[in-house]
Ligand code: FUB
């Protein structure tokens, strides 16, 4: 939601209008990646802080340094439990700053935390840290994942036991600097009538620490089979990849960034192509919108964030959860985060 709209919000009545309340109030949390591991709900969010860094278009003011993992015994819990420090940037050899949106995966009794961070040269990469517990502490690998770049890793476990990572984000996320996995300083976002940049994905290796193939760009198509254009700001990919499977179909969801929607597209396999379907979440308070979708005891939930607790401070966000509904045809009902 743009800054000028935030100025018009009546925060005294907002809690009554909001479809859900913050799950965490003692610290700021954002970008919630939720999973059910061994029957319990775990949330892997960013840990927002005010690092005193001035606002800029590259998101420098998102100066996060560490991660805490949260858990819930049931989806009705009003608060998520803070399980303490799980990983700090000072323990990650290759990284300097900006621990942005993470995700986690579970395989053969080990838990893997995937996270983006900036190297000392200012370039984002994605790292992995391992633990025997879903809540950490996580022990980082000494190097970032070879061939990884940009931000917002989301790891999807398919029913055949394969794990795929989806990632990328334009603007502060630096995706516009890459073409076919290669960085060039002079690369920029395509112009409005050119095809938009897509999210990137790769199969993970058996040990979960590397890419098992060259990363590929996902195609998001419109209803006529044409790739979305860079000027289609209401629908094109910006950041916040997530993948889930519903009734045998693959649902790729993402944020449109500067138009503040969480949208989705459907495909027949993890590689796509994906056909744009619509919006899952209308704009929240705060500039960013970032989510995950998780099945808990046969019902589906959207974990998301907004900046209501901080009264609109864009880099001080709070995680929330709301139930999502599917229509008979598999489409998802759009949620309005605040009712009128
Ligand atoms: O939390 C920092 C960044 O803001 C995330 O990586 C983006 O998805 C946006 O939510």
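Numbering (the numbering used here), first residue to last: 80 to 419.
All C-beta atoms, glycine included, are put in the ideal place defined by N, C-alpha and C.
DSSP state of residue i mapped onto helix, strand, coil
i	result
residue 177	coil
residue 239	coil
residue 225	coil
residue 360	strand
residue 393	coil
residue 254	helix
residue 367	coil
residue 84	helix
residue 338	helix
residue 231	coil
residue 111	strand
residue 388	coil
residue 102	coil
residue 407	coil
residue 261	strand
residue 346	strand
residue 412	coil
residue 398	strand
residue 249	coil
Outcome for residue i when other beta-carbon atoms lying within 10 angstroms are tallied against a minimum of 16
i	result
residue 258	exposed
residue 147	buried
residue 121	buried
residue 134	exposed
residue 340	buried
residue 271	exposed
residue 229	buried
residue 227	buried
residue 92	exposed
residue 262	exposed
residue 90	exposed
residue 310	exposed
residue 291	exposed
residue 248	buried
residue 136	exposed
residue 131	exposed
residue 499	One cannot answer for residue 499 here, as it falls past the ends of the chain, which runs 80 to 419.
residue 265	exposed
residue 138	buried
residue 277	buried
Top-ranked residue by Cα proximity to residue i, from the options
i	options	result
residue 371	402, 389, 355	402
residue 360	94, 85, 84, 99	99
residue 217	234, 249, 193, 369	193
residue 327	341, 262, 397, 348	348
residue 108	251, 384, 409, 222	384
residue 209	228, 235, 182	182
residue 397	158, 265, 153	158
residue 162	137, 212, 196	212
residue 376	126, 153, 105	153
residue 399	200, 368, 142, 290	368
residue 207	111, 201, 167, 239	167
residue 407	317, 242, 325, 417	325
residue 380	392, 337, 411	411
residue 388	280, 105, 174	105
residue 215	149, 231, 88	149
residue 296	144, 265, 246	246
residue 251	224, 203, 265, 301	203
residue 186	241, 276, 338	241
residue 195	231, 239, 140, 264	231
residue 342	350, 312, 265, 365	312
residue 459	283, 337, 335, 354	Nothing about residue 459 can be read from this structure; the chain reaches only from 80 to 419.
residue 382	392, 390, 284, 363	363
residue 424	164, 358, 117, 273	The structure shown does not extend to residue 424, since the chain is modelled only from 80 to 419, so the question has no answer here.
residue 323	115, 235, 239, 123	235
Endpoints, the alpha helix (DSSP H) within which residue i is located
i	result
residue 92	90-96
Segment limits, beta strand (DSSP E) that includes residue i
i	result
residue 379	378-385
residue 332	328-334
residue 320	318-325
Residue i at chain C interface by Cβ criterion, 8 Å
i	result
residue 123	Of the protein chains in the structure, only one exists, and it is not chain C.
Any non-hydrogen atom of the ligand MG within 7 Å of residue i CB
i	result
residue 138	The ligand MG is absent from the structure shown, which contains only the ligand FUB.
Write down every uninterrupted run of the beta strand (DSSP E) in the stretch 178-220 whose length is 3 residues or greater and which is fully enclosed by it, in chain order. 182-186, 189-197, 203-210
Suppose only complete runs of 3+ residues qualify. What are the beta strand (DSSP E) ranges in the stretch 267-310, listed by chain order? 279-282
Runs of beta strand (DSSP E) lying entirely within the stretch 116-179, each at least 3 residues, in chain order: 119-127, 145-151, 160-167
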